[in-house]
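Novice: Residue numbers (the numbering used here), protein chains in the order written: chain V, 442 to 550; chain U, 8 to 120. Here a beta-carbon is modelled for each residue, glycine too, at the ideal position from N, C-alpha and C.
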Amino acid sequence: ELKVEQNPLFLSMQEGKNYTIYCNYSTTSDRLYWYRQDPGKSLESLFVLLSNGAVKQEGRLMASLDTKARLSTLHITAAVHDLSATYFCAVDWDDKIIFGKGTRLHILP
Amino acid sequence: EPEVTQTPSHQVTQMGQEVILRCVPISNHLYFYWYRQILGQKVEFLVSFYNNEISEKSEIFDDQFSVERPDGSNFTLKIRSTKLEDSAMYFCASSYGGLNEQFFGPGTRLTVL
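In structure tokens, the structure reads:
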């Protein structure tokens with residue numbers, strides 16, 4: 442079965458700093474998702490990446506996909522406190538979505 | 008914009024009771040899914056449903072679980088005799104095709120006492 446690994450699983454960072462969350466997956470897939478989840482809340486879709494070299498940006502978040510390396514990154518630029526949440530990477534596989542364990546991001550003022 | 012809806016948003020039940028979680032998928036979608044997220048853990052696939060039958064189910068989806076599309080709009084997940092470990096957030100999702108993007112509902116938080 443496809444495995445999705447995120448790292449780091451926990452990240453505490455200062456406001457204003459840049460950082461990257463990594464997502465590796467073990468088998469070829471046609472679609473990769475990034476979701477944000479606030480405590481006790483639903484999944485908020487951030488990005489859907491379909492092709493090799495795809496890059497999408499929304500505000501301070503930028504996601505990229507390298508299908509050859511089976512790697513996606515979520516880059517945070519000049520972090521602000523409002524970005525504190527858990528971020529999940531997830532991959533389509535065999536008619537279902539396989540999720541990573543999530544990266545809990547805590548941004549310190 | 009069309010969206011997946013779920014009711015109730017929060018359900019509290021006693022151990023051993025039956026619960027039914029309801030979902031209204033996006034209207035022209037043909038594939039339906041349930042996922043589960045135990046508090047603090049990752050989201051896990053439970054079951055997929057197409058053409059009025061289960062396409063695939065995970066090992067979590069045992070005989071206590073069942074799914075149904077009772078009419079043209081609703082998609083339900085039933086747990087026959089709830090256990091404490093069934094406490095979780097349950098997400099419904101739908102897609103137009105099996106290889107198309109899945110869209111998630113807001114989830115139902117199930118608490119089993």
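#1: Chain V beta carbons: is any one of them nearer than 8 Å to that of residue 50 (chain U)?
#2: Thinking C-beta only, is residue 524 (chain V) closer than 8 Å to residue 501 (chain V)?
#3: Taking contact to mean 3 or more Cβ pairs, one atom from each stretch, closer than 8 Å, check whether the segment 85-93 of chain U and the segment 523-541 of chain V are in contact.
#4: Could you please tell me which residues of the segment 62-94 of chain U, in chain order, have their CB closer than 9 Å to any CB of chain V?
#5: Please confirm if residue 489 (chain V) has its CB atom under 8 Å from at least one CB of chain U.
#6: For residue 451 (chain V), decide whether its Cβ has a neighbour in chain U, counting only Cβ atoms nearer than 8 Å.
#7: Following the continuous beta strand (DSSP E) through residue 524 (chain V), name the residue where it begins and the one where it ends.
#8: In three-state terms, what does DSSP make of residue 490 (chain V)?
#9: What does the alpha-carbon distance come out to for the pair residue 447 (chain V) and residue 68 (chain U)?
#10: Output needed in chain order: residues of the segment 9-39 of chain U with a Cβ under 8 Å from some Cβ in chain V.
#11: Report yes if the C-beta distance between residue 108 (chain U) and residue 489 (chain V) is below 8 Å; otherwise report no.
#12: Taking the straight line between their C-alpha atoms, what separation do you get for residue 28 (chain U) and residue 19 (chain U)?
#13: Mind pulling the chain V residues with CB within less than 7 Å of residue 106 (chain U)?
#14: Quick one: what's got a C-beta closer than 6 Å to residue 534 (chain V)'s C-beta in the same chain, skipping five residues either side?
#15: So for residue 533 (chain V), helix, strand or coil by DSSP?
#16: Would you check if the segment 501-512 of chain V and the segment 462-476 of chain V touch, i.e. whether three or more CB-CB distances between them fall below 8 Å?
#17: Is DSSP giving residue 93 (chain U) helix, strand or coil here?
#18: Across which residues does DSSP place residue 515 (chain V) in a beta bridge pair?
Specialist: According to the structure data:
#1: yes
#2: yes
#3: no
#4: 62, 63, 65
#5: yes
#6: no
#7: Careful: residue 524 (chain V) lies outside any beta strand (DSSP E) and carries neither H nor E.
#8: strand
#9: 25 Å
#10: 38
#11: yes
#12: 12 Å
#13: 471
#14: 443, 470
#15: strand
#16: yes
#17: helix
#18: V:462, V:504
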